[in-house]
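Chains as they are written, first to last, in the working numbering: chain A, 1 to 297; chain B, 1 to 394.
Here a beta-carbon is modelled for each residue, glycine too, at the ideal position from N, C-alpha and C.
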């Protein structure tokens, strides 16, 4: 029988305001289990602003500082500077930001934080759009996906542009550690969070965060969809430590992307050609990842 | 105490050094740069033990201070003009989070067209952000006011951010002798920031949060109350500073030769020095004129203005910025302060020194001349009088 490796103590409490099946809530719960209570979180305007519940309540068992949407990277530098100046030891300084607040409007502050080599962990939970404001497209929305600002009607057929490669952008800054996480694989997620926790320097965690209302699927399917995303190569699990790539889940041949696409209403309009185009893109990205792993071994 | 010859920019740096700030964040902009360059020297040579964060924008500069102050650190940053405008969103965050940040601002014109001269448009555009604003006239006043600003900002009755401003080049790049208090004196005046951090590491807590109308109003009211506590707190801070250093810059509205005056000119920043000289000349000529230096613009010293109005029939207000579609911001505020006052002197608005244009004694004489002649005007662009207006429309 497999040994239970997920720490039992909870730092995210019931009574939170997340939608049923929210990947961002699952990610937070697991990330905090890995980090422990000596953690200060900086949270920009995002779903988690609301999920944590309004004043005077909080669904989080750690200290939390709210910051404007584009400033999480700078906030982490400020928190770390104060922690160092005030002699707070063993304090995890952690940002928990959405994909829009990271890869779009927050990119400058993130780049600054990485370049300054701020000793902090930046977690981007990727629900592939501005979900808290009602499902608008972000730079992280995948190509072709329906959102309220990339409708499927008239001349519009979902988002015309591709998904921004945030890991590529982050890795160009040579962080101490960067990894992709998926709450559907909690052991892998915990191992990476604990590894990040015990390193120093800028660390970046990109977590998959499926969104039932935004992606148009039934909330009980979040874990299944998460497993599918990784096993089809849509969201591969890997880590990069000091420039060295390692794929942390490799199950032989990738599953076809078709099942992942068909499971979600946001891709309902996809033609067989659209699916084929996505399949090709995923294959190329996967081959690139395999190459990087081999080259940096 | 030591007397050093220094620029207004360095006066900011020396004050931050004496205040033993723990976190400095900086993004360069002319003419603020020498403030943060000097601080970099202080940190590099070990004179100042602070975390010095070189950020990638002014927006991030202020976020660093807000977050660091959230954990309990004493913080400093400085900016000017466009940089201050970029900070606008964070200015609201700082006051709403009750972060006792002190920021130096070198008052500079706003683009377009690009202009780096003295002008108050940058800070006047931030008057509704919940920051205390104090405008300095001399390098000495800069240094003293920054130290006072920390006491004011960190006072439990206030807990609000404070910006201490100085006119570009007239102060920032002009050297004057400045009396620098000893470290012991400053330590007595300004103890370390209360160790009770707002955010407790390792304890469930939240700074910022979100609320509906059920609590939001109360939060806003708390900021308003804190602002209302500034005049009394500032008076005691100034009194203690005077006891320790012998220097006082005269409260939020500092008056000069206003006794029995027929007309008083209200000015801000360095224009007060020019105006003071003109007051002396006119008094020597037998004309009863005086000066009121508006040091604090937020909170606006309504009571002090009403007190002045009870003694004078004609007020002039010189603004170094213009609110398009309205008037000079200081003139507007002075006028508004008097509406519910029993005394109603005439109020004339003058615009001068826009975009670094020189404010000459001759111009100040003209302002007094108009006041004494009893010709109140809503607003006069003094910069454009007595010279050919530059035609920009061909």
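Membership of residue 42(A) in the beta strand (DSSP E) is indicated by the continuous run 39–44. Of 28(A), 20(A), 13(A), the smallest CA-CA separation from residue 183(A) is found for 28(A).
Note: residue 54(B) is bridge-paired with 26(B) in the DSSP secondary-structure output. Between the C-alpha atoms of residue 306(B) and residue 253(B) there is a straight-line separation of about 11 angstroms. Spanning the alpha carbons of residue 187(A) and residue 218(B) requires a straight line of approximately 44 angstroms. Chain A has no Cβ within less than 8 angstroms of the Cβ of residue 40(B). Under DSSP, residue 231(A) shares a beta bridge with no residue. 172(A) is the residue among 297(A), 172(A), 66(A) whose C-alpha sits nearest the C-alpha of residue 112(A). Judged by DSSP secondary structure, residue 139(B) falls within the alpha helix (DSSP H) whose first and last residues are 139–154. Between residue 143(A) and residue 164(A), the CB-CB gap reaches or exceeds 8 angstroms. Here the C-alpha atom of residue 123(A) lies approximately 13 angstroms from the C-alpha atom of residue 190(A). Per DSSP, the beta-bridge partners of residue 349(B) are 317(B). A Cβ-Cβ contact shorter than 8 angstroms links residue 72(A) with residue 106(A). When the beta-carbon positions are compared, residue 66(B) and residue 99(B) come within less than 8 angstroms of each other. For the 8 angstroms CB-CB criterion, residue 92(A) and residue 38(A) form a contact. Taking a contact as a CB-CB distance under 8 angstroms, the pair residue 33(A) and residue 56(A) does not count as one, their CB atoms being some 25 angstroms apart. Taking C-alpha positions only, residue 280(A) is separated from residue 21(A) by approximately 30 angstroms. It is roughly 33 angstroms from the alpha-carbon of residue 110(A) to the alpha-carbon of residue 275(A). At a cut-off of 8 angstroms between beta carbons, residue 23(B) contacts chain A. Nearest neighbour of residue 97(A) by Cα position, chosen from 118(A), 116(A), 206(A), 19(A), turns out to be 206(A). In the DSSP assignment, residue 80(A) falls outside any beta strand (DSSP E) and lies within the alpha helix (DSSP H) extending over 72–86.
Per DSSP, the continuous beta strand (DSSP E) segment holding residue 66(A) begins and ends at 63–67. By the C-beta density criterion, residue 284(A) is exposed, having fewer than 16 other C-beta atoms within 10 angstroms.
The criterion of a C-beta distance shorter than 8 angstroms is not satisfied by residue 85(A) and residue 53(A). For residue 50(B), a Cβ of chain A is located within less than 8 angstroms of the residue's own Cβ.
Spanning the alpha carbons of residue 318(B) and residue 231(B) requires a straight line of approximately 23 angstroms. As DSSP reads the structure, residue 282(B) sits in no beta bridge.
Legend: CB atoms of the segment 42–71 of chain B lying less than 9 angstroms from CB atoms of chain A belong to residues 49, 50, 51, 52, 53, 54, 55, 56, 57, 59, 60, 61, 62, 63, 64, 65, 66, 67, 68, 69, 70, 71.
The beta carbons of residue 204(A) and residue 181(A) sit no closer together than 8 angstroms.
For residue 369(B), the enclosing alpha helix (DSSP H) begins and ends at 361–372.
Listed in chain order, the non-local C-beta contacts of residue 95(A) below 6 angstroms within the same chain comprise 42, 72, 76, 122, local neighbours out to five positions each way being set aside.
In this structure, the CA atom of residue 240(B) is about 12 angstroms from the CA atom of residue 147(B). A residue is called buried once 16 or more other Cβ atoms fall within 10 Å of its Cβ, and residue 242(A), having fewer, is exposed.
Neighbours of residue 66(A) across chain B, judged by C-beta separation under 9 angstroms: 93, 97, 206, 207, 208, 209, 210. Excluding sequence positions up to five before and after residue 36(B), its CB lies within less than 7 angstroms of the CB of 26, 28, 78, all in the same chain and listed in chain order. Spatial neighbours of residue 40(A) in its own chain (CB-CB distance under 8 angstroms, excluding positions within 5 residues in sequence) are listed in chain order as 62, 63, 64, 65, 79, 83, 91, 92, 93, 94.
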